[in-house]
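Asks: Handing you this structure, nothing more for now.
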Amino acid sequence: MKLIVAKFGGTSVGTIDRIKSVAAKIKNEVNNGFNVIVVVSAMAGETNRLIKLVESLTNDYRTSEYDTVISSGEQVTSGLLAIALNELGIKSKSYQGWQIPFQTDNNFSKANIKEIKKDKILFDLNNGYVIVVPGFQGVHKNRVTTLGRGGSDTSAVALAAVFGAERCDIYTDVDGVYTADPRIVANALKLETITFEEMLELASQGAKVLQTRSVALAMNHNVKLQVLSSFENKKGTFIINERQKSMEETIISGITYTSNEAKITLFNVIDKPGQAAMIFGALADKGINVDMIVQTSTKDGEATDITFTVLKSDLLSTKEIIENLKNTIKFKNMVEDSKVSKVSVVGSGMMTKPGVAKTMFKTLADNNINIQVISTSEIKISVLVSSDYTELAVRTLHDAFGLGKDIKTINID
Ligand code: ASP
Ligand code: MG
């Protein structure tokens, strides 16, 4: 069976007319001899609307009920698309998460996929049906679960992996993955290809085009992914395993940013073994993810400062947890700063080419942008800067690494 999984995001199914054009696209794929599993998001804005309804009642809801409400957007779209396909003479059937079943754990509102049963869908595919699956939703012991915001991407990749699809096409409102956010950088370029590792870094550092989990899943299961526009008829960006020859000269693939983190500094923490374990252990126990961490070298062997970042949405609880530790870790004071952005340059080329950090830091310095925290991986350098300078930092770095030109090789000495 020549199977493709095609996922359509919220704007792609935002109106009845758009659902009709999605149906026409699928009809084309069927006419080209493909079996198709379609994964749909809720219509644009619908999930936000549903979350607001829940929160207008209380902020102290059971996440299992929250999932019951917010999974419904996808259910509507899946039924509508199946009807639209049938109208075009294409046999089609929708399957809700619980009908497949698409089993997850019981982490309501951010569930992890455990198992996807194949038999019913396979039977229908063999009988020539196009299957429409609502993304984002699963089931745990008869209760509906959801996979976290943006989770339809992960639903699509998981289905592509389980059914051994030739390709997983992620249709969205942009035509691919760009060297930077085109709304900020006018000459940002669309990438023809990008590696899974690079995409993983870009997604986790703020590029919103794919849910980070979906990229990790695709990488682990070798799912061929393409991000493309549902409004235009052209190739998108392919996310691939290995750098191609044409990418060899590329050092940096993209610049990205996120403004959803806040910085906390603890001054004069007693300098003895176990302090960091205590701080970050207490945060981890409450499910708070810490991103950047810096400990300054001990001043006189007695005290040290520790700076770290957490999601802004976790800032309040983080402060409470740390306050409760005050008597144990004996820091002098805690200072928070929410007006920060993390700007990252990402590219596999930096593994073998020195000078990327130098170019990055010099560019920021030339523009009078102060670096507050630095963190790196093999293929990424991130800096925390004042959020007043987010756009300036992204733009000037994009230029400094020559990303707006067709030739992405620059001399970085
Ligand atoms: N509708 C969900 C959301 O808005 C899932 C998705 O679209 O991927 O987060
Ligand atoms: Mg999305």
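Converting from the sequence shown to my numbering requires adding 50 to each position, the first position being numbered 1. A virtual CB, placed ideally from N, CA and C, is assigned to each residue, including glycine.
Thinking C-beta only, is THR357 closer than 8 Å to LYS313?
Replies: yes
Asks: Specify, as a first and last residue, the run of the alpha helix (DSSP H) that TYR111 falls within.
Replies: Segment: none, TYR111 is in no alpha helix (DSSP H) and carries neither H nor E.
Asks: Looking only at its own chain, which residues have a Cβ that is under 8 Å from the Cβ of ASN374, when we skip the five neighbours before and after it?
Replies: ALA332
Asks: Report, in whole angstroms, the separation of the C-beta atoms of TYR145 and VAL89, which I expect to be a contact under 8 Å.
Replies: Approximately 11 Å separates the beta-carbon atoms of TYR145 and VAL89; this is outside 8 Å, ruling out the contact.
Asks: Strictly under 8 Å for the Cβ-Cβ distance: is GLU352 near chain C by that measure?
Replies: Within the model displayed, chain C is absent; a lone protein chain is all it includes.
Asks: Given 8 Å as the limit, is there contact between the stretch 77 to 86 and the stretch 52 to 67, that is, 3 or more CB pairs closer than that?
Replies: yes
Asks: Return the chain-ordered list of same chain residues with a C-beta closer than 7 Å to the C-beta of LYS70, the five sequence neighbours on each side being excluded.
Replies: ALA134
Asks: When you measure from the CB of ASP219 to every non-hydrogen atom of the ligand NAD, does any distance come out below 7 Å?
Replies: As for the ligand NAD, it is missing from this structure, which binds only the ligand ASP and the ligand MG.
Asks: How many whole angstroms separate the CB atoms of CYS218 and ALA266, which I take to be in contact at a CB cut-off of 8 Å?
Replies: Incorrect: roughly 14 Å between the Cβ atoms, too far for contact.
Asks: Spatial neighbours of ASP110 within its chain, please: CB distance less than 6 Å, with the 5 preceding and 5 following residues excluded, ordered by chain position.
Replies: none
Asks: If you measure between the beta carbons of PHE158 and THR195, is that distance less than 8 Å?
Replies: yes
Asks: What is the rounded straight-line gap between the Cα of LEU275 and the Cα of LYS389?
Replies: 35 Å
Asks: My output table needs one value for GLU79: the three-state DSSP class, helix, strand or coil.
Replies: helix
Asks: Look up ALA56 in the DSSP assignment and give the residues it is bridged to.
Replies: VAL88, ASP219
Asks: Mapping DSSP to helix, strand and coil, what is ASN136?
Replies: helix
Asks: When the distance is taken between beta carbons, is GLY397 closer than 8 Å to ILE301?
Replies: yes
Asks: Determine the extent of the alpha helix (DSSP H) in which SER202 is found, giving its start and end residues.
Replies: For SER202, the uninterrupted alpha helix (DSSP H) segment begins and ends at 202 to 213.
Asks: For ASP449, verify whether its CB is less than 7 Å away from any heavy atom of the ligand MG.
Replies: no
Asks: Where does MET342 fall in DSSP's three states?
Replies: In the structure shown, MET342 falls within a strand segment according to DSSP collapsed to helix, strand and coil.
Asks: From LYS160, PHE186, ASP350, ILE150, pick the residue whose C-alpha is nearest to that of ASP21; which is it?
Replies: No answer is possible for residue 21: it lies beyond the span of the chain, which begins at 51 and ends at 463.
Asks: Between SER264 and GLN187, which are expected to be in contact by the criterion C-beta below 8 Å, what is the C-beta distance as a whole number of angstroms?
Replies: About 15 Å separates the two Cβ atoms, so there is no contact after all.
Asks: Please find out if some non-hydrogen atom of the ligand ASP comes closer than 7 Å to the beta-carbon of ASP203.
Replies: yes
Asks: Check ARG263 in the structure and name its three-state DSSP category.
Replies: In the structure shown, the three-state DSSP call for ARG263 is helix.
Asks: Rounded to the nearest angstrom, what separates LEU172 and GLY198 at their Cα positions?
Replies: 27 Å
Asks: Excluding sequence positions up to five away, which residues of its chain have a Cβ less than 6 Å from the Cβ of ASN156?
Replies: HIS190
Asks: Report whether the distance from the Cβ of GLY226 to the nearest heavy atom of the ligand MG is below 7 Å.
Replies: no
Asks: Judging by CA-CA distance, which residue of SER142, ILE290, GLY214 is the nearest neighbour of ILE166?
Replies: The candidate whose alpha carbon is nearest that of ILE166 is GLY214.
Asks: Report buried or exposed for ILE320, applying the criterion of at least 16 other Cβ atoms within 10 angstroms of its Cβ.
Replies: exposed
Asks: I think VAL344 touches SER391, with their Cβ atoms under 8 Å apart; what is that distance to the nearest whole Å?
Replies: With a Cβ gap of about 17 Å, VAL344 and SER391 do not count as contacting.
Asks: Residues in the same chain with beta-carbon distance under 8 Å from ASN417, minus the five sequence neighbours each way, listed in chain order, please.
Replies: Answer for ASN417: TYR439, LEU442, ALA443, THR446, listed in chain order.
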